[in-house]
Amino acid sequence: MKDIVNGANYILNISVILFFLTIAVSPQALADDAAAQRIKELENQLQTMHSNMQMMQNGMQAMQSELEKLKSESSQVTQKVEHIQQKAQEVEKEQKTRPVAVAHVKERNKNNMVFFRGGFAHNTQHHNGLTFQSNVVPAGVQDRPDKNAWYFGAGFDWNLTDDAWGMAPKTSVLAELMFEYKEFSSKVQGNALANVPTPLIGGAENPRNVTVSQLSIYASPKIKFREGSRFRPWIIPAGFGVHIISPPGESGSFFIPGVVFGGGAEYRIWKDFYAGVDARYNLTGGKKDGVVVDGLTAGGYVGIGF
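Just so you know, we're using my numbering here: the sequence shown kicks off at 21 and counts up by one.
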């Protein structure tokens with residue numbers, strides 16, 4: 021644009037010089053009408069050229085203004101494109117990391133478990149009853165079961181929190197519901213009430229075998245440590261248990277409530293499959309209608325997370 025303006029000024033200056041040369045060479049032509057007409061035409065041409073140059077300058081200024089506007093809009097568009105590219109990169113990065121986060125959530129949500137357990141049981145006292153060693157009917161074969169037993173059971177762990185409600189990081193609190201069957205003996209010889217016929221009416225000793233068993237149902241809080249680790253120890257600080265004995269005690273009672281304490285550890289073998297060991301102690305607070313079922317269990321279990 022600057023070169024065009026300089027060219028126009030150059031043409032204007034040449035025209036002015038030619039005008040003054042014409043006056044200097046022919047002073048007598050000023051009186052002539054043709055010369056005056058020629059001068060007038062030159063003046064008109066100069067005015068026209070001046071107007072055209074002014075229009076050109078205005079046009080160039082408008083073009084320059086439009087060019088600056090286009091540059092500004094282009095800069096804004098570039099900034100928007102860069103912003104969109106940055107957002108796209110952030111979304112792509114989030115999508116790459118999202119599967120890991122989802123997998124972690126899934127793993128945490130599978131802290132719930134169904135488990136199956138079994139092992140050794142021991143009561144602190146012998147279980148006496150109506151149909152075997154009895155103080156009520158001390159007749160016939162007075163046999164009694166062993167204190168030791170085997171047991172099996174199953175239960176559910178339901179996860180309540182992964183950080184003890186914000187009080188302990190990586191510490192899960194679960195609600196456990198479990199049942200357990202113990203068998204102390206299946207061949208305890210019965211007393212007079214389990215004799216065919218009963219010696220109380222003069223029959224010979226022909227005792228029947230009596231199965232001595234116990235069913236326990238527990239509802240307990242369970243605290244598991246090392247959340248997120250393959251190896252997790254745990255404890256039951258205190259839980260509630262109800263024990264159902266068979267045969268019943270001397271008074272006919274067979275429901276005995278109590279408290280259970282426990283501890284153990286488990287290891288995640290593969291995916292959501294676990295193996296663990298545990299030990300528990302049942303406390304009933306003394307004899308219940310002549311029967312004491314206090315004792316412990318120790319064994320192992322396998323679990324499946326869900």
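Note that beta-carbon positions come from the ideal geometry of N, C-alpha and C, so glycine has one too.
- Boundaries of the beta strand (DSSP E) harbouring residue 231: 229–245, taken from the DSSP string.
- Secondary structure of residue 146 (DSSP, three-state): coil.
- Residue pairing for residue 324: DSSP places it in a beta bridge opposite 134, 293.
- Residue state for residue 203 is assigned as strand, using DSSP reduced to three classes.
- The criterion of a C-beta distance shorter than 7 Å is satisfied by residue 326 and residue 132.
- Each of 253, 239, 95 was checked against the Cα of residue 283, and the nearest Cα belongs to 253.
- Contact between residue 259 and residue 237 fails: their C-beta atoms lie close to 11 Å from each other, not under 8 Å.
- Judged by their CB atoms, residue 166 and residue 206 are not nearer to each other than the 7 Å cut-off.
- Between residue 318 and residue 295, the CB-CB gap reaches or exceeds 7 Å.
- Residue 90 sits exposed, since fewer than 16 C-beta atoms from the chains shown fall within 10 Å of its C-beta.
- With distances taken between CA atoms, residue 201 lies nearest to 136 out of 78, 136, 278.
- Contact annotation: the segment 140–149 touches the segment 265–281, with at least three C-beta pairs closer than 8 Å.
- Residue 176 is positioned such that its CB atom lies no closer than 7 Å to that of residue 138.
- Note on geometry: alpha-carbon atoms of residue 184 and residue 97 lie some 52 Å from one another.
- Pairing residue 211 with residue 145 gives a Cβ-Cβ distance that is not under 7 Å.
- Of the other Cβ atoms in all chains shown, 16 or more fall within 10 Å of the Cβ of residue 194; this residue is therefore buried.
- For residue 276, the closest of 291, 257, 304 by C-alpha to C-alpha distance is 304.
- Straight through space, the alpha carbons of residue 154 and residue 313 are spaced by roughly 16 Å.
- Here the alpha carbon of residue 111 sits roughly 28 Å from the alpha carbon of residue 130.
- Look at residue 57 here: in three-state DSSP terms it is helix.
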